[in-house]
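*Asks:* The numbering of the sequence shown is UniProt numbering, which starts it at 1 and goes up by one.
Glycine is no exception: its CB is placed at the ideal position from the N, C-alpha and C atoms.
If you're wondering where the values come from, they're calculated on a predicted model, not measured in any experiment.
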Amino acid sequence: MKSTDLCPRLQKSMDIIGRRWTGLIIYQLLQGPQRFSVIEAALPVSGRLLSERLKELEQEGIVLREVFPETPVRIQYSLTDKGRALESVIRGLQQWSDSWITSEECQPEPSQPQ
Numbered sequence: 001m002k003s004t005d006l007c008p009r010l011q012k013s014m015d016i017i018g019r020r021w022t023g024l025i026i027y028q029l030l031q032g033p034q035r036f037s038v039i040e041a042a043l044p045v046s047g048r049l050l051s052e053r054l055k056e057l058e059q060e061g062i063v064l065r066e067v068f069p070e071t072p073v074r075i076q077y078s079l080t081d082k083g084r085a086l087e088s089v090i091r092g093l094q095q096w097s098d099s100w101i102t103s104e105e106c107q108p109e110p111s112q113p114q
């Protein structure tokens, strides 16, 4: 029997928050509602990938995208109740990483000559 057969809800949650940059996007939004440009400036992620992840999180009901009819139009992202419920998970992962991941392990791998 596969482990995914044992606990499909756990696997689904890991699939959602385990995608590259998703945890950090949620972490950033735990600070409160933010515009796209603020999130993009805070994280070393491309605008295209950030946009993709925000859309995925919106589809999952974790992020709310609000459009304000101003000139120019203002778009703001915030966590829903479902998203805010992840705070203890994200903070727990942060504490775990502070205890078990060394700063050397966080260094980018040297690029290989082509």
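1) Hey, how far is the Cα of glutamine 114 from the Cα of threonine 80?
2) Go ahead and label valine 63 buried or exposed: buried means 16 or more other beta carbons lie within 10 angstroms of its beta carbon, across all protein chains shown.
3) For the segment 66 to 81 against the segment 24 to 33, do three or more pairs of beta-carbon atoms, one drawn from each stretch, fall closer than 8 Å, so that the two count as touching?
4) Would you kindly report the start and end of the unbroken beta strand (DSSP E) that includes isoleucine 101?
5) Would a check of beta-carbon distances place leucine 79 closer than 7 Å to chain B?
6) Measure from the alpha carbon of leucine 29 to the alpha carbon of each residue in Lys82, Gln11, Ser103, Ser97, then state which is nearest.
7) Excluding the 5 residues flanking cysteine 106 on each side, which residues of the same chain have their C-beta closer than 8 Å to its C-beta?
*Replies:* Quick look at the numbers:
1) Your numbering for residue 114 matches position 114 in the sequence shown. Your numbering for residue 80 matches position 80 in the sequence shown. Its pLDDT being 46, under 50, glutamine 114 is placed unreliably in this model, and the coordinates cannot settle the point.
2) Stepping through the sequence shown from its first residue, residue 63 is reached at position 63. Buried, because 16 or more other Cβ atoms sit within 10 Å of the Cβ of valine 63.
3) yes
4) For the purposes of this step, residue 101 is taken as residue 101 along the sequence shown, with counting starting at 1. No beta strand (DSSP E) contains isoleucine 101, which DSSP labels as neither H nor E.
5) No chain B is present in this structure, which holds just one protein chain.
6) For this step, residue 29 is matched to residue 29 along the sequence shown. The candidate whose alpha carbon is nearest that of leucine 29 is Lys82.
7) For the purposes of this step, residue 106 is taken as the residue at position 106 of the sequence shown. No residues qualify anywhere along the chain.
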